[in-house]
Amino acid sequence: MKERISEFPVRPSVTRYEEGPVPESTGRGKSGRWFSRLIVTGFLAYWLYSSGILQRAPEWLAEGYDRLTAVWQPVALPPPRSSQPPASSRQISERRAPIRAELPRAESASVQQIKPLLLESTAGVESVSVSISRGFRPVGFKIGASSKPVPFTGRPGSLHRRLPRFFGPSQKYGSIDLANGRRHAFVLDTDPKGYQLYVDLNRNGDLTDDGPPLPNRGKVRFANRLKLPLDSVSGIAQLKGDMELWIYSNDQSWRQDSLLFYNRTQLAGELSVKGKRYNAYLADNLVIDGDYRNDGISIDINGDGKIDRRSERLSPGDQITLNGERLSFTIIR
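This is the structure:
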């Protein structure tokens with residue numbers, strides 16, 4: 004067999020390798036990565052400059068430094084304890100002041116602080132004075148009350164200077180007139196979802212700065228309670244808490260173009276006549292203006308805990324016999 008002779012002679016300058024993966028150029032890869040990083044860095048620098056963050060960075064650093072210095076303040080260590088032994092626990096408990104629970108201001112006038120008013124008739128004097136601030140306190144709704152109509156119209160008056168946004172097809176305008184010249188303008192909005200009452204509580208003519216309106220809480224066209232400061236309305240600083248007026252409207256009052264209201268806040272006290280005590284009440288049931296001095300007085304004569312409208316409710320100037328004394332009353336502050 005003849006030996007095959009290659010047509011291409013072996014060249015000593017050429018080295019042949021086995022087939023395998025071809026390595027990438029390291030120089031070209033590194034330059035590509037650096038170029039990408041350069042683009043990203045430039046974009047971030049442009050964004051920081053355009054957004055203004057770089058300009059505010061010194062201010063933020065200064066603020067952070069101030070906060071750190073404020074937090075890391077030197078702490079004053081407590082003084083060293085005395086080397087003398089402490090007093091006995093019994094002596095400490097005797098010297099310590101007793102802890103008393105503070106009651107809210109509205110409840111400062113408790114029942115025990117109200118003393119019975121001593122009443123005696125004097126020759127030549129037609130009536131005796133009964134002081135509200137000395138012998139009476141607010142107790143809420145205790146005896147029957149009388150209501151008072153409040154007329155309204157379809158147009159705002161001089162007290163309605165600024166009005167809120169309404170949702171009903173029509174509105175009813177009026178004012179609740181109380182003692183000492185207090186007039187609270189109101190607007191009843193006939194919202195189909197429920198009537199709402201706006202009241203000018205601060206009496207500045209602006210019905211938009213008195214909080215949310217009063218929604219309907221009854222089964223009639225409208226019913227809800229209105230709270231006013233008792234001391235301001237009555238003119239007696241010793242009476243704390245709220246005066247609650249129940250405002251409502253039924254079909255009859257609606258046909259007469261008016262709302263109705265009555266005073267739910269009443270005052271209770273005790274009268275002492277020749278050693279015998281009688282429970283007494285002052286209710287704003289006659290004039291119904293928040294003034295308890297012009298409505299007379301109710302006295303539980305038989306002590307059954309109730310007030311009979313015919314025999315135990317006295318109008319101003321009425322006379323009554325209590326424990327053998329013929330008395331009439333003048334209610335004062």
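Numbering (our numbering), first residue to last: 4 to 336. Backbone N, C-alpha and C define an ideal beta-carbon position, used for all residues, glycine too.
| task | Could you tell me the boundaries of the alpha helix (DSSP H) in which Q322 lies? | result | What you label residue 322 is simply residue 319 of the sequence shown in a count that begins at 1. Run containing Q322: none in the alpha helix (DSSP H); it sits in the beta strand (DSSP E), Q322 to L325.
| So, is N266 buried or exposed, given that buried needs 16 or more other C-beta atoms within 10 angstroms? | Locating residue 266 in the sequence shown gives position 263, counting from the first residue. Counting other Cβ atoms within 10 Å of its Cβ, N266 reaches 16 or more and is therefore classed as buried.
| field | Assumed close pair E247, R228 - CB separation to whole angstroms, cut-off 8 Å | value | For the purposes of this step, residue 247 is identified with residue 244 of the sequence shown, where counting begins at 1. For the purposes of this step, residue 228 is identified with residue 225 of the sequence shown, where counting begins at 1. With 8 Å as the limit, E247 and R228 qualify as a contact, their Cβ atoms being about 5 Å apart.
| According to DSSP, which residues form a beta bridge with W249? | Within the sequence shown, residue 249 is the residue found at index 246, counting from 1. W249 is bridged to R228 and Y265.
| request: Give me the Cα-Cα distance between L200 and G184, rounded to the nearest whole angstrom. | output: The sequence position of residue 200 within the sequence shown is 197, counting from 1. The sequence position of residue 184 within the sequence shown is 181, counting from 1. Between L200 and G184, the C-alpha separation is close to 22 Å.
| said: Give the list of continuous beta strand (DSSP E) stretches no shorter than 3 residues that lie fully inside the segment 157 to 184. | reply: Uninterrupted beta strand (DSSP E) stretches at least 3 residues long and entirely within the segment 157 to 184 occur at 174 to 180, given in chain order.
| field | DSSP-derived helix/strand/coil call for Y49 | value | Residue 49 sits at position 46 when you count from the first residue of the sequence shown. Helix.
| Mind checking whether I310 and Y284 have CB atoms under 8 Å apart? | For this step, residue 310 is matched to residue 307 along the sequence shown. For this step, residue 284 is matched to residue 281 along the sequence shown. Contact flag set, yes.
| Distance CB(G327)-CB(A182) smaller than 8 Å | One-based indexing of the sequence shown puts residue 327 at position 324. One-based indexing of the sequence shown puts residue 182 at position 179. No, they are not a contact pair.
| Where do the ends of the alpha helix (DSSP H) carrying R258 lie? | Along the sequence shown, read from residue 1 onward, the residue named residue 258 stands at position 255. Taken as a continuous stretch (DSSP letters only), the alpha helix (DSSP H) holding R258 covers D254 to R258.
| When we look at the beta-carbon of D287 and count the other beta-carbons within 10 Å, is it buried (16 or more) or exposed? | Against the sequence shown, residue 287 aligns to sequence position 284. D287 is buried by the Cβ-count criterion.
| Cβ-Cβ distance between A226 and D234 below 8 Å | Counting from one through the sequence shown, the residue named residue 226 turns up at place 223. Counting from one through the sequence shown, the residue named residue 234 turns up at place 231. No; because the gap between Cβ atoms is not below 8 Å, this pair is not in contact.
| query | If we call anything under 8 Å between Cβ atoms a contact, is V190 one with L210? | reply | On the sequence shown, residue 190 is found 187 positions in, with the first residue counted as 1. On the sequence shown, residue 210 is found 207 positions in, with the first residue counted as 1. Contact: yes.
| Exposure of T268, with buried meaning 16 or more beta-carbon neighbours within 10 Å | Locating residue 268 in the sequence shown gives position 265, counting from the first residue. Flag for T268 reads buried.
| message | Counting C-beta neighbours from all protein chains within 10 Å, is the total for K151 16 or more, i.e. buried, or is it exposed? | response | Translated into positions along the sequence shown, residue 151 becomes position 148. The residue is buried, with at least 16 neighbouring Cβ atoms inside 10 Å.
| said: So if DSSP puts Q199 in a beta bridge, which residue, or which two residues, is it bridged to? | reply: Locating residue 199 in the sequence shown gives position 196, counting from the first residue. Answer is D192 and P218.
| said: Counting C-beta neighbours from all protein chains within 10 Å, is the total for R316 16 or more, i.e. buried, or is it exposed? | reply: Start at 1 with the first residue of the sequence shown, and residue 316 comes out as number 313. So R316 counts as buried.
| How would you label P232, buried or exposed, when you count the other beta carbons within 10 angstroms and need 16 or more for buried? | Stepping through the sequence shown from its first residue, residue 232 is reached at position 229. Classification for P232: exposed.
| request: Return yes when the Cβ of S237 is within less than 8 Å of the Cβ of Y295, no when it is not. | output: For this step, residue 295 is matched to residue 292 along the sequence shown. For this step, residue 237 is matched to residue 234 along the sequence shown. Yes.
| query | Is the CB-CB distance between R188 and S178 below 8 Å? | reply | Counted from its first residue, the sequence shown places residue 188 at position 185. Counted from its first residue, the sequence shown places residue 178 at position 175. Per the sequence presented here, residue 188 reads as Ala, with Arg not at that position. Their beta carbons are under 8 Å apart, which means A188 touches S178 by this criterion.
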